[in-house]
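Oh and the sequence shown: position 208 is 207 in numbering that gives the first Met the number 0, straight run, nothing missing. We treat Cβ as the ideally placed atom computed from N, Cα and C, and that holds for glycine. Notes to accompany the following structure.
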Amino acid sequence: MWLCSSTHQHRFLIVWCRQLCRLVSMGSSAESSLIPEGRSRDSAVRRRHRESNTSNAPHQLAQAEGMSDRRRSAQIKSLKNEIPPSQKRNHGREGVFKVSAELRKLCLEDFPADKERYFRPKPTETSEFVFGIAPCLLALTQGRRKAYQLLVKDGEASQRASVLRICEEAHRQGVQVSRVSKKDLNKMSSGGVHQGVCLRASPLSFLTIETESSTSGAGIPLWLVLDRIQDPMNLGAVLRSAYFLGVDKVISSLGHSCPLSPVVSKASSGVMEVMGVYGCDSLEEMLRMKVKHGWHVVGTVGADPKESQIPVIPCSDFQVTRPTMLLMGGEGEGLSMKLLSLCQTLLTISAGRDLSPGIESLNISVAAGILLHSLLLTKSRCLSQKETEN
Numbered sequence: 000m001w002l003c004s005s006t007h008q009h010r011f012l013i014v015w016c017r018q019l020c021r022l023v024s025m026g027s028s029a030e031s032s033l034i035p036e037g038r039s040r041d042s043a044v045r046r047r048h049r050e051s052n053t054s055n056a057p058h059q060l061a062q063a064e065g066m067s068d069r070r071r072s073a074q075i076k077s078l079k080n081e082i083p084p085s086q087k088r089n090h091g092r093e094g095v096f097k098v099s100a101e102l103r104k105l106c107l108e109d110f111p112a113d114k115e116r117y118f119r120p121k122p123t124e125t126s127e128f129v130f131g132i133a134p135c136l137l138a139l140t141q142g143r144r145k146a147y148q149l150l151v152k153d154g155e156a157s158q159r160a161s162v163l164r165i166c167e168e169a170h171r172q173g174v175q176v177s178r179v180s181k182k183d184l185n186k187m188s189s190g191g192v193h194q195g196v197c198l199r200a201s202p203l204s205f206l207t208i209e210t211e212s213s214t215s216g217a218g219i220p221l222w223l224v225l226d227r228i229q230d231p232m233n234l235g236a237v238l239r240s241a242y243f244l245g246v247d248k249v250i251s252s253l254g255h256s257c258p259l260s261p262v263v264s265k266a267s268s269g270v271m272e273v274m275g276v277y278g279c280d281s282l283e284e285m286l287r288m289k290v291k292h293g294w295h296v297v298g299t300v301g302a303d304p305k306e307s308q309i310p311v312i313p314c315s316d317f318q319v320t321r322p323t324m325l326l327m328g329g330e331g332e333g334l335s336m337k338l339l340s341l342c343q344t345l346l347t348i349s350a351g352r353d354l355s356p357g358i359e360s361l362n363i364s365v366a367a368g369i370l371l372h373s374l375l376l377t378k379s380r381c382l383s384q385k386e387t388e389n
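So this is what it looks like as structure tokens:
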């Protein structure tokens, strides 16, 4: 009696496994048909059981156990096949990246939860979104910011060599890397050209002149002083030219000037992450002090300057023979009258033609490039002459 009961239980287990497999493949719709069909199959099992010989029970028991094992293995395989490929790749991994080789193979795959985490920075963190290939890479490598999270556009953009280089640097520093949509990156960069990457990091601030020594590197120092530059694109372009041409220091007025924002960093192609920019509350006091120490304060005016008691000469005729500060004013108004009164020389850029009214001046970033190139060229010539004489 016990043997028959055991055989019946194993046969019923086979029926139940069949129904479970159908439930996995067919979904929740199979639940309504599971019980009725199970009852009909149960009655058929009873009829076969009464007709069968009890002497075959051991063989049937072994056969039922084998079939049950095969059913269970098939069920497990079926469930594994239903796991999405993205979950299979992420299954069992504690982090997004392990080594550089895995980074290139996985193409920046991370957990889905990472797509939500960047919207919730810690309350104690003061951060902003740096965007663009060069600004993000330099922000990571220069170490002037504290990086919190690197966000990369989901898709083929994450497979570019430039993006992978940034991700490798972020991984090396232990910075979290996450994939996000283009819409999210557009929002973080405020519509700027992010090139598929954004870096959430601490902001940069102006440096103070008091913390630095007045002496620069070898040679005659040349400082660029900016007064009320309000357009971040112009400020970024000026910084890029100043860094490229070899200006020793850039100083900006703090009042009525744009801050060192991610837009400035992008416009400077990342120069803002490398070159320190100094801020000054009172340019007048700083200029008076430098004049006492023998510095030459040089201002800039338009191509058709008004009558002035201060000498006005073309920039190509000016020679840097002592420590010099070049002053440039903001968009539209130029230098203030107070700063102009402190200048010892005024420079102008000669036009190549007769100018129509209203377009007698250049953009400040373009003018800065021309003036700095002219001054630094003459500076190098003076240094060469002194070396030859010595």
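Put simply, of MET336, LEU326, LEU286 the residue whose alpha carbon is nearest the alpha carbon of SER307 is MET336. In the three-state reduction of the DSSP assignment, SER189 falls in the coil class, being assigned neither a helical nor a strand state. Note on VAL192: under 16 other CB atoms within 10 angstroms of its CB, so exposed under the neighbour-count rule. Counting only runs that start and end inside the segment 321-373, the alpha helix (DSSP H) elements of at least 4 residues fall at 336-340. Between the beta-carbon of VAL296 and that of LEU341 there is about 6 Å, and that keeps the pair under the 8 Å contact cut. Boundaries cannot be given for LEU259, as no beta strand (DSSP E) includes it and DSSP labels it neither H nor E. Spatial neighbours of ALA366 in its own chain (CB-CB distance under 8 Å, excluding positions within 5 residues in sequence) are listed in chain order as THR299, MET327, ILE348, SER360. In the three-state reduction of the DSSP assignment, LYS145 falls in the coil class.
The count of Cβ pairs closer than 8 Å, one atom from the segment 273-285 and one from the segment 235-252, reaches three, so the stretches are in contact. Between the alpha carbons of LEU346 and ILE208 lies a gap of roughly 25 Å. Cβ contact annotation for GLY245 (same chain, cutoff 7 Å, sequence separation greater than five): LEU375, in chain order. Around the Cβ of PRO356, a 10 Å sphere holds fewer than 16 other Cβ atoms; the residue is exposed. Membership of GLU127 in the beta strand (DSSP E) is indicated by the continuous run 127-130. For LEU225, the uninterrupted beta strand (DSSP E) segment begins and ends at 221-226. The C-beta of GLY333 has 16 or more other C-beta atoms within 10 Å across all chains shown, which makes the residue buried. Exclusion of the five residues before and after PRO310 leaves THR344 as the residues of its chain whose Cβ lies within less than 6 Å of its Cβ. Of all alpha-carbon atoms in PRO313, GLU272, GLY331, the one lying nearest the alpha-carbon of LEU238 is that of GLU272. The beta-carbon separation of GLU127 and PRO202, rounded to 5 Å, stays under the 8 Å limit for a contact.
Taking GLY293 as the centre and dropping the five residues before and after it, the same chain places the C-beta of ARG321, PRO322 closer than 8 Å to its C-beta, in chain order.
ASP226 sits buried, since 16 or more C-beta atoms from the chains shown fall within 10 Å of its C-beta. SER251 sits in a strand when the DSSP states are folded into three classes. Less than 8 Å separates the beta-carbon of TYR242 from that of VAL270.
Per DSSP, PRO231 is one residue of the alpha helix (DSSP H) stretching across 231-244.
Straight through space, the alpha carbons of ALA236 and GLU167 are spaced by roughly 28 Å. Residue pairing for SER315: DSSP places it in no beta bridge. DSSP links HIS295 through a beta bridge to THR323.
HIS170 counts as buried, since no fewer than 16 other beta carbons sit within 10 angstroms of its beta carbon.
For SER161, the uninterrupted alpha helix (DSSP H) segment begins and ends at 160-171. With at least 16 other beta carbons inside 10 angstroms of its own, LEU223 counts as buried.
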